[in-house]
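**Q**
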Amino acid sequence: MIYAKERAEVIAAELKKLAIVQSIELNQWKVKEGTFLRPEEAEQAQPAWQEFDSHTMHWYGKDRHYWFKTVFVVPESWNNKPLWFRIHTGIDGWDDARNPQFLLFINGQVTQGMDINHREVLVDRSAKPGTVYEIDLQAYTGIIYDEFRLLATVEEIDPEIGGLYYDMQVPLWSLARMDKESRTAQCLAYELNQTVQCLDLRNPYSKEFYESVAEARNYIQKAIYENMGGYEDVIATCIGHTHIDVAWWWTVAQTREKVCRSFSTVLKLMEEYPDYKFMSSQPQLYAFFKERYPEMYEKIKERVKEGRWEPEGGMWVEADCNLTSGESLVRQFLHGKKFFKDEFGVENEELWLPDVFGYSAALPQIMKKSGIKYFMTTKLAWNQFNKIPNDTFWWEGIDGTKIFTHLITTLGIGQSTEDFFTTYNGMLHPDALMGGWLRYQNKEINNDILIAFGYGDGGGGPTREMMETSTRMEKGIQGTPKVRQAFSKQYFDELTARIGNDERLATWVGELYFEYHRGTYTSMARNKRSNRKSEFMMMDLELLSVLLGKNYPAEQMDQMWKTILINQFHDILPGSSIKEVYDVTKEEYDALEKQGKEMAEDYLKQLTSASDELTLFNTVGFERNSIVSLPEYKASALKDVDGNYYPVQKTAEGAVAAVAKLPSKGYRVFQWTDQDAVSPFVIDGWKIQTPFYNVVMDENGCILSLYDKENEREVIQEGKKANQFRVYEDKPQHYDNWDVDIYYSRKFWDVTDVKEIKWVENGPVRAALYVKKAISNSIIEQTIYFYANEPRIDFDTHVDWKDSQQLLKVHFPVDIHTDEATFDIQFGNLTRKTHKNTSWDIARFETCGHKWMDVSEGGYGVSILNDCKYGHSVDHSDIGLTLIKSGIEPNPTTDQEDHYFTYAIYPHAGTWREADTLQEGYDLNQPVLAVNGTAQKREYSFISCDKNNIMLETVKPAEDGNGIIIRVIEEKNTKTKAKLHFAQEVKAVCECDLMENKVADMCADGQDVCITIAPYEIKTYRVNF
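Quick note: the sequence shown, position 818, residue 819 per my numbering, numbers continuous.
1. Check whether chain B comes within 9 Å of Y646, counting only Cβ atoms and requiring the distance to be less than that.
2. CB-CB under 6 Å to N712, same chain, minus the five flanking residues each way: which ones, in chain order?
3. What first and last residue would you give for the beta strand (DSSP E) that runs through F943?
4. Closest to Q827 by C-alpha separation, out of E34, D93, L324, would be which residue?
5. Name the DSSP beta bridge partners of W68, please?
6. Is H836 near the ligand FMN, with its Cβ less than 8 Å from a heavy atom?
7. Starting from E156, trace the beta strand (DSSP E) both ways and give me its first and last residue.
8. If you run the structure through DSSP and keep just helix, strand and coil, what is Y360?
9. I'd like the list of long-range same chain contacts for W95, defined as Cβ closer than 7 Å, with 5 residues on each side in sequence excluded.
10. Out of F796, Q110, I225, N219, which one is the CA nearest neighbour of I162?
11. Could you check what DSSP says for F421 in three-state terms: helix, strand or coil?
12. Flag this pair as yes or no: are the beta carbons of Y1022 and I967 separated by less than 9 Å?
13. I'd like the list of long-range same chain contacts for S55, defined as Cβ closer than 6 Å, with 5 residues on each side in sequence excluded.
14. Are there three or more Cβ pairs, one per stretch, closer than 8 Å when the segment 857-871 is compared with the segment 915-923?
15. Got a sec? Which residues, its chain only, sit under 7 Å from L882 by beta carbon, not counting five neighbours each side?
16. Quick check: the segment 437-444 against the segment 382-394, are at least 3 beta-carbon pairs closer than 8 Å?
17. Hey, how far is the Cα of P48 from the Cα of T379?
18. Could you tell me whether the segment 285-295 touches the segment 260-267, using the rule of 3 or more Cβ pairs below 8 Å?
19. From G327 to I889, what distance separates their C-alpha atoms?
20. Helix, strand or coil: how does DSSP classify D961 here?
21. Give the straight-line distance between the Cα atoms of L104 and A382, rounded to the nearest whole angstrom.
22. For T823, does the three-state DSSP call read helix, strand or coil?
23. Any contact of the segment 642-662 with the segment 621-628, i.e. 3+ C-beta pairs under 8 Å?
24. Given 8 Å as the limit, is there contact between the segment 984-994 and the segment 946-954, that is, 3 or more CB pairs closer than that?
25. Out of F1026, G511, P160, Y736, which has the shortest C-alpha to C-alpha gap to I579?
26. Can you tell me where the beta strand (DSSP E) with R87 in it begins and where it stops?
27. Which partner residues of T894 appear in the DSSP bridge assignment?
28. Have a look at K306 and T243 and give me their C-alpha separation to the nearest angstrom.
29. Where does N830 fall in DSSP's three states?
30. In angstroms, rounded to a whole number, what distance separates the CA positions of G308 and K278?
31. Using 8 Å as the Cβ pair cut-off and three pairs as the minimum, do the segment 549-557 and the segment 237-255 touch?
32. Anyone know if the C-beta pair for Q255 and I567 falls short of 9 Å?
33. Have a look at G401, F537, P814, V331 and flag the residue whose alpha-carbon is nearest the alpha-carbon of G372.
34. Quick check on Q1: buried or exposed, where buried means 16 or more other Cβ atoms within 10 Å of its Cβ?
35. Among M428, A487, A186, whose alpha-carbon lies nearest the alpha-carbon of M467?
36. Which two residues bound the contiguous alpha helix (DSSP H) that contains G934?
Put into structure tokens, the structure is as follows:
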């Protein structure tokens, strides 16, 4: 039939307009500027109300709040018909984050959020004439300065006409992706035209018109939804969803409002659509909602009990999984799962991370030992070079743990199925669902795809249009997936049961590297430094509280941890939010540091008594030799309990000492004493001989030669320079603060403008060279430390950065023959290739590491350590550590501030496994704590382990107050039997999961506990004394 589809489209569009039977403008409002939570607050607060005529007046601004109110009296013409409220601001556009948003109150009660995607609200299904409605709008301008209208109407929308519109529109949408020559498409077009034939549009709203609407609805229900329905070859399991970024183009404060708007919208639509099911992750968002509108929060609890609202997702927030430490990931699950269990009685079994920028190979084990069985993301579909070859698969981590994984494949409306890109902000729309099925790569084993539908980032989630579409697609229209609304966990449970043992189900081994947003390893360096320092600070505080053995400030520590956890959100920690976000995080981290410092000082004071002695606390989990910073210089040496002497060197900041054998997770007391000591360093110009190396530097502070005396070999490639600062032009194609594109390396400038270079220290502990350099508008100051008792060379650096779209790296071209490099990650390490043989290798031109990375050949290697950096590049044996990125969007002044960081080079015999690189990484990141005074014992170790491949990571009070939690990690891919030795007799011990639930009873032998641990395994124990 010629133009059958087009004819039906014309009629459907006319029906959409006819559905609005009457409309009354609301143009007389009262307004005041301010941030208020409820109408009574707005009523009582200053300033005074002002008249607002929406015909002639605008409201305007950036990041500003207004409160509008008016009154509507239902006229006689309504006569018990449905009453709707509609709003428009005169602004259209895709990005709802930049448009005004509202929270609607009717008669003082929270009713619904309103935004570019949710413009209408059903106020009353049967409005009685004379009824008075007090209408209040909490209004937010958005984050782009603009002027707005307030175009509001009250409307009568006829449910039968509107119903017929959707009856026709859903099949019309379905036709868009069908082969128009197919039998299904031609039959649908024919039946749509027969539906049109039933309609009499000559006199809208007449008796004949309504009779024809009823006839058309009856016809299409039978012809399409019954006779062509029941199609179940492909299923689309749909769950309502709104992805809310905790911060991004807005602050956390604005997210509190977004949550209220979005959740209230979901609750309102649930009143209208009893089959509507919705899920939302991130307990932090629920906590925001509970705090502001507790009465609405109770409605969420009701919906959860009804089986309509799914609180699921695992973590406290959808955290970054590249930069966040292993222990912090555990706390994300610990706090996230506990909140959902305590508040709703549900046990989370799913990690829901649709928008995170890559997934560490440590995650599968952390998930499984946190009670998480399933993993979902979509972000990997943004890859630049390679498409992940499966959408449903087992993901295997560094220890061999497997997690059932599914990637959502929903496409945008009209999007090509050849695209990599898929979305978590899916539309419940026939075209999007059909495209998602065509894009899905594992059709041979599964005919059921998962769709998360709804607008995100404050867009309020699913719309009424999506709900109307769902009710029709649930009938199974031929040629389209049959819709069912179900919880995501139900989908995973059923899918795993159906195909979990299918031999065709593939396994992906190792990290799920994201081939995009590589700049997030570096952007907003100050925030990353604060996160790293805070993570270690909290672990120190937990250990000190255990050593003290008194009442643990659990509530205070929880709040401190939650400050860290929220700031690990995947647009905060990566550096991809607006400047205002980082103004707040600076205040939060500064306050956290102050609080932690005061607590540590108090703990240390209680653990020692006043004296002229010095106690050094070692918070890491191994016996340690270390260079220790001291608050003051009292004498030339320290003497320990065994009569050993350690030199002390006076410095501008106080003093440093080189000490040995500090007990694991414990302390040692030292006496100040005098002993003659001389410098072992020989300095000649920019050359220095140390006990370990002969070093030749140039006038720029670059290392031309680093000769290892003991191993009799040169470390630096011939003709190359190490510690070479290099600035690259950094202008990515998209997403400035997120991305580093592969072509960045084609244009660079070496930093050669030296303003000052001089030797500033030469003593028995260390020698130090100070170098000051300039590049463009920025200044680099660095002190290079060479040690008498430590083969590590430290580069303590301060950068005053004033440039944008320039990437600062430091390079170490080392003389090591290898095709792979090893990187420290959460609770372990992994290797990556250093060549570009395949497109997968090429894509990894910038990768993430934590405390260290290493290149080794048989018998020798070099480790590069750092105390707050994550971005690395390794081109064969040229190691690059990325220091500063300085993008311009969404924060135009990103990284234009002071930076403080330390990195180090650590040449060694053997590979990193034999060289104690692990321990050096902890030593650089977790300094020894020095306190004037004498501890109860001369030396003490709370816990130690007899194997150096096992790291005693965490010592903390148990969450329930019963005993002490010990977490240990195997770090060298070696199955090991080991002995944990405690300072006192162990009365009871059991193995736990990461959530501190008992797994198995164990036996102790006095002060010892024997364990067996698998390669890269995380083990957690509860110990009672």
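We treat Cβ as the ideally placed atom computed from N, Cα and C, and that holds for glycine.
**A** Looking at the coordinates:
1. No chain B is present in this structure, which holds just one protein chain.
2. Closer than 6 Å at Cβ, skipping near neighbours: A910.
3. Premise fails: F943 is in no beta strand (DSSP E) and is neither H nor E.
4. For the residues E34, D93, L324, the minimum Cα distance to Q827 belongs to L324.
5. K33, Q139
6. Summarising the ligand content, the structure contains no ligands, and the ligand FMN is consequently not present.
7. From DSSP, the beta strand (DSSP E) with E156 extends over 152-158.
8. strand
9. Bear in mind that a pLDDT of 48 at W95, under 50, signals an unreliable position, so the number given afterwards is only what the model happens to contain. The answer is none, since no qualifying residue turns up.
10. Closest by C-alpha distance to I162, out of F796, Q110, I225, N219, is N219.
11. coil
12. yes
13. Within the same chain, S55 has close Cβ partners N28, L151.
14. yes
15. Cβ within range, chain order: K810, V811, I865, N867, K870, H873, Y904.
16. yes
17. 47 Å
18. yes
19. 30 Å
20. In the structure shown, D961 sits in coil (DSSP, three-state: anything other than H, G, I, E or B).
21. 34 Å
22. strand
23. yes
24. no
25. Y736
26. 82-89
27. Note: T894 sits in no beta bridge, so no partner.
28. 20 Å
29. strand
30. Each residue's alpha carbon lies about 8 Å from the other.
31. no
32. no
33. V331
34. As displayed, the chain neither begins before 2 nor continues past 1026, which places residue 1 out of reach and without an answer.
35. M428
36. First-last for G934: 930-936, but that is the beta strand (DSSP E), not the alpha helix (DSSP H).
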